[in-house]
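First residue of the sequence shown? That's -7 in my numbering, and the numbers climb one at a time after it.
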Amino acid sequence: MESATDPSMLKDRAFFKLGLFIHDHNKLVLVLGLISCILMTSLVGLGANWSEAFGEDNVESLQASKLLSDSFKQENSSAGHSFILLVYHPTLTDNDTEWQQSIINSLNDFSKQADVSILYSWQVEEVERLDYVAYTGSGFIAQNVITIEGDRTHAKAVFDENQESVTLDGEFVSWKTDGVAIEWTFDNRITEDLVKAEIVSGPLTLIILGLVFGSIVAALLPISAGVATVAAAMGMTIWLSNVTDVTQYATNIITLIGIGVSIDYSLFLVNRFREELANDRDVRTAIAMSTATAGKAVFFSGITVAVGLMGMLFFENTSLPSLGIGGTVAVSIAMVYSTIVLPAVMSILGKRVDKGKIPFSFNLEARETGIWANIANKVMNHPWKVLIPVLIILVGAGAPFMYAEFSLSSWSALPPDDESRLGKEIMGEIWPEQSSNQIFLVIELDGADAFSEENLRAQYQYIKTQIGDERVRSASGIGLPDSSMNESQVISYWNTPNEDLDEHQIALRNMIRDNFVSEKITFILLNLEGEQTSVESRNVVEKIRDNRNVLTDQLSGENDYLAVAGFAAYNADTLNSISDNLPTALGFIFLATSVLIFIQVRSVIIPIKAIVMNILSISASFGMLVWVFQWGYGEALLNFTAQPIDSGNPVIMFCIVFGLSMDYEVLMLSRIHEEWERTGDNTLAVANGLQKTGGLITGAAAIMVVVFGSFGLSSVIILKQ
């Protein structure tokens, strides 16, 4: 026991006394822990009220979208509550009875719903027909629009209940796509991926724990802590979803963080308890020592991880705060259960914690000699020879991040073979003018007539200027009802009396008027080249916003207003929000983490060193993120399409990885500090501390790799990243 810390050194410390209290009242503590877990888990019964992952309403793009949707009752998928049934047949058209009856039958369950309306392709007025049907080289294809009244959550619920009934036989080929179909597909795949990740990670984690502990009972303790943590955190988060904005993605981070962290923390406590028993401590002293050492380290480690996750709370106007909420709840519960409830369980088990010996396992006996001590001594003897190559590797791995491109994930984040994605791609090829890369320049007129000559001329000139931009594919609005018109023809078009027009011309003009003007609101529609998440599209949005007065100054009202809506605009708003809030979040994380480590080790240099090294390791992770997902190395293996990095993922990764890497740093430094207090020798303390924690941290990291790696099996690129 010469290498063990003497209990007398710790007996006056708070965590040692906490351990004694837990042992002396172990059954009471366990019962209270079980009751709290049951109560929190029971909150699942409230039912989730997930908010949509579209950020907050106080960003320009969403305010403009709301103004647009409130002003125009559009029967199309852009309203967000519709989806399209895209149908193809090699010989039939929608004028054939067989075609019509097949489509009606396939949508029968939807048509029975009181809040569902269906616009079949053959019902579309002649002037709009080419927007819904097309002849391809091999057959006929048509869009049928199914609109579901109510909010987006209700629309997805109705879609979920009825979508499986939409089937077509024979030579028909169909795709449910756009709007609600794509949103439901994201939600459904994420739920399935969550289950898949748990199925894969659970058995592998148990195997690793068995190899680490060499005991079935000891291995089951961290697993049970992980299950309890996730169940309780799910209940708490579902309750929070009913009182604040929380997205469904919070469940993924709960599983990701909750399982990994709770198992890691339990791993350290159970291992320390077994170590103390091996040093011939009685159970009471072993519990007190475990709580005073590993328990204290877990407490500070938990706060450190929570601080990292709380960094996401600063990113207003995005969906990131809800992820921070879910992760912080999971880590907090894991920390409390590991430091209080788990010691009570170990106290009751006593030496039975070693029951169920496993013949093949690693030897984690707390010795002062071994591979980790040898590594530590060699590194300390030749620090520069180790530091320089490691820095070169980390910097080299992180270099690709300098070329990172960011955007929000869209339908292209779905697998290439997904039905809703395929339908969207086909629509883009056949109806490029309906490209999803559209932005809406919403104009609120200050009491002026949208059709006055002054306003028509201003809009015409502005639209023609936009068309001159090579990034703009086409533009339309009342200022340019037909791309072939000149300025005089536009004025004449709107001023010609009905009696001088035929019925078709009157119908077409009325349709354009109804589509583009509603009381004091009108808009200009721009179809942009390329992807809606591209840098070019974002630059178009920023250019229009920076020069919005070019149009508003020419309009007749005194306080005319122009705002930009559309996915490209929302993408720009999200990226701006992240970049604006990033310095505050980083400052909070760095400062809070430094204070926590200083409290533990009473050193100013060590916290700075820890932050710098962790930033380097995280940068390497970011570089590999770009190398794989943006540059496409691994595209075929992982079944995704190379694209810009989701704008929220680097933030999520930083908050999680920084927290977890600091987590291991805190656990290792705690043991090194304990050894320094025992020996008073810096070099020996580092070697002993690494020897006694190196294998354990490796085992804990292996569990994290399994848990995180299981999400790499996800079908959605956001989770893969």
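By construction, the Cβ of each residue, glycine as well, lies at the ideal position given by its N, Cα and C atoms.
Check: Residues that Val108 bridges to, as DSSP identifies them; Outcome: Ile140
Check: Coarse secondary structure for Asn271, derived from DSSP in three states; Outcome: coil
Check: From Ser166, Ala106, Ile245 and Thr514, residue whose alpha carbon lies closest to that of Gln135; Outcome: Ser166
Check: Simplified DSSP state of His17, which is helix, strand or coil; Outcome: coil
Check: Buried or exposed (CB count within 10 angstroms, at least 16 for buried), Ile30; Outcome: exposed
Check: Through-space distance from Asp185 to Gly342, alpha-carbon basis; Outcome: 39 Å
Check: Simplified DSSP state of Glu67, which is helix, strand or coil; Outcome: Any reading at Glu67 must be qualified, since the residue scores a pLDDT of 42, below 50, and its modelled position is unreliable; no value is offered.
Check: Ala467, DSSP secondary structure in three states; Outcome: strand
Check: Cβ-based burial, Ile435 [other Cβ within 10 Å; buried from 16]; Outcome: buried
Check: contact_flag[the region 489 to 509, the region 523 to 535] where n(CB pairs < 8 Å) is 3 or more; Outcome: no
Check: Residue range of the unbroken beta strand (DSSP E) whose run includes Val125; Outcome: Val125 to Tyr127
Check: Nearest candidate by alpha-carbon position, reference Ala564, set Lys148, Ala440, Glu397 and Asp506; Outcome: Glu397
Check: Boundaries (first-last residue) of the beta strand (DSSP E) holding Asn519; Outcome: Ile513 to Leu520
Check: DSSP bridge partner residues for Glu436 (one or two, in chain order); Outcome: Ile513 and Tyr553
Check: Assigned secondary structure, Ser74 (DSSP; H/G/I helix, E/B strand, else coil); Outcome: strand
Check: Per-residue DSSP class, three states only, for Leu94; Outcome: The amino acid at residue 94 is misidentified as Leu; the sequence shows Ser. Looking at Ser94 - three-state DSSP - the assignment turns out to be helix.
Check: Residues bridged to Gln135 [DSSP beta-bridge criterion]; Outcome: Leu78
Check: Beta-carbon spacing of Ile245, Gly318 below 8 Å; Outcome: yes
Check: Per-residue DSSP class, three states only, for Gln426; Outcome: helix
Check: Bridge partners - Ser723, DSSP secondary structure assignment; Outcome: The shown model of the chain, from -7 to 713, leaves out residue 723, and the question about it has no answer.
Check: Residue from Phe75, Leu26 and Leu10 with nearest C-alpha to Arg413; Outcome: Phe75
Check: Beta-carbon gap between Leu652 and Val116 smaller than 8 Å; Outcome: no
Check: Sub-8 Å separation of Glu90 and Ala555 beta-carbons; Outcome: no
Check: Rounded Cβ spacing between Lys288 and Ser662 (contact assumed at less than 8 Å); Outcome: 7 Å
Check: Given 8 Å, three or more beta-carbon pairs between the region 206 to 221 and the region 252 to 272; Outcome: yes
Check: Simplified DSSP state of Ile350, which is helix, strand or coil; Outcome: coil
Check: Exposure of Glu550, with buried meaning 16 or more beta-carbon neighbours within 10 Å; Outcome: exposed
Check: Rounded Cβ spacing between Leu386 and Leu608 (contact assumed at less than 8 Å); Outcome: 5 Å
Check: Coarse secondary structure for Lys3, derived from DSSP in three states; Outcome: coil
Check: 8 Å Cβ cutoff met for Phe164 and His73; Outcome: no
Check: Assumed close pair Ala365, Gln683 - CB separation to whole angstroms, cut-off 8 Å; Outcome: 4 Å
Check: Complete alpha helix (DSSP H) runs within the region 256 to 324 (minimum length 4 residues, chain order); Outcome: 275 to 282 and 288 to 302
Check: Expected contact under 8 Å - CB spacing of Ala284 and Gly691 to nearest Å; Outcome: So it is not a contact: roughly 22 Å between Cβ atoms.
Check: Identity of the residue in Thr169, Thr236, Asp274 and Thr310 nearest Asn573 by Cα; Outcome: Thr310
Check: Three-way DSSP call (helix, strand, coil) for Asp638 in this model; Outcome: strand
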